[in-house]
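Colleague: Quick one: the structure is below, and I'll ask about it shortly.
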Amino acid sequence: AEGGLVGAIKSVTSGAGCDLAVETAGHPITQVQAVEICANGGKVLYVGTAHEPVHFEPKAFEAIVRKELVIYGSWMSYSAPFPGREWQIATKALSDGALDPSAMITHRFELSDAREAFETLRSCDKAIKVMLFMDDIQA
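This is the structure we're talking about:
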């Protein structure tokens, strides 16, 4: 039996895998795991910026083909060299109190209420930023 993330996803989806995997870390392990956890006909969205070569072993590449996965990429405002001018300006504005992000966070949910959080994001035209909190840690 598979363990870790792949095993957990297969367990909660009765072995089917998920319809959409969103990879935001840009790490080789999570880039491959995104493919492994997808169901047949699933979609993988790569947002994370790779900082080293990306390799798919034949087994992972075969999973893309046999599962007929759709792969998407999304620009995530990374600027080089990291952290880049935009990130420095935003970080300074946040730390100086010149920018208050609290108004952007319109909804907050515990991780156990993730389904409701995603439904809110999908159906509520007043949702700007929906936050999921883990282990009762609130920001």
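For reference, each letter of the sequence shown is one residue, going 221 to 359 in our numbering. Glycine is no exception: its CB is placed at the ideal position from the N, C-alpha and C atoms.
In terms of residues, what are the limits of the beta strand (DSSP E) holding E330?
Modeller: Walking along the sequence shown from the start, residue 330 turns up at place 110. Taken as a continuous stretch (DSSP letters only), the beta strand (DSSP E) holding E330 covers 325-330.
Colleague: I'd like to check one pair, V274 with S164: are the Cβ atoms closer than 8 Å?
Modeller: For residue 164 there is no data in the structure shown, the boundaries of the chain being 221 and 359.
Colleague: Taking buried to mean at least 16 other C-beta atoms within 10 Å of its own C-beta, is I309 buried or exposed?
Modeller: Here residue 309 refers to the residue found at position 89 of the sequence shown. When all chains shown are included, I309 counts as exposed.
Colleague: If I follow the unbroken beta strand (DSSP E) through K349, where does it start and stop?
Modeller: Here residue 349 refers to the residue found at position 129 of the sequence shown. Segment 349-353, the beta strand (DSSP E) holding K349.
Colleague: Which residue comes first and which comes last in the alpha helix (DSSP H) that contains E243?
Modeller: If you number the sequence shown from 1, residue 243 lands on position 23. Where E243 is concerned, there is no enclosing alpha helix (DSSP H), although the beta strand (DSSP E) it sits in stretches over 238-243.
Colleague: Locate the beta strand (DSSP E) running through L362, then write down its first and last residues.
Modeller: There is simply no residue 362 to check, as the chain begins at 221 and stops at 359 in what is shown.
Colleague: Who pairs with V264 in a beta bridge, going by DSSP?
Modeller: Position 44 of the sequence shown, counting from 1, holds the residue named residue 264. V264 pairs with A241, I291.
Colleague: V242 and L265 - do their beta-carbons sit closer together than 8 Å?
Modeller: Locating residue 265 in the sequence shown gives position 45, counting from the first residue. Locating residue 242 in the sequence shown gives position 22, counting from the first residue. Their beta carbons are under 8 Å apart, which means L265 touches V242 by this criterion.
Colleague: Report the partner residues of C258 according to the DSSP bridge assignment.
Modeller: For this step, residue 258 is matched to residue 38 along the sequence shown. DSSP output for C258 lists C238 as bridge partner(s).
Colleague: Which residues mark the beginning and the end of the alpha helix (DSSP H) in which E339 is found?
Modeller: Working through the sequence shown from its first residue, we reach residue 339 at position 119. Looking at the DSSP string, the run of the alpha helix (DSSP H) that includes E339 is 334-343.
Colleague: Does DSSP classify L225 as helix, strand or coil?
Modeller: Here residue 225 refers to the residue found at position 5 of the sequence shown. In this structure, L225 counts as helix in the three-state DSSP scheme.
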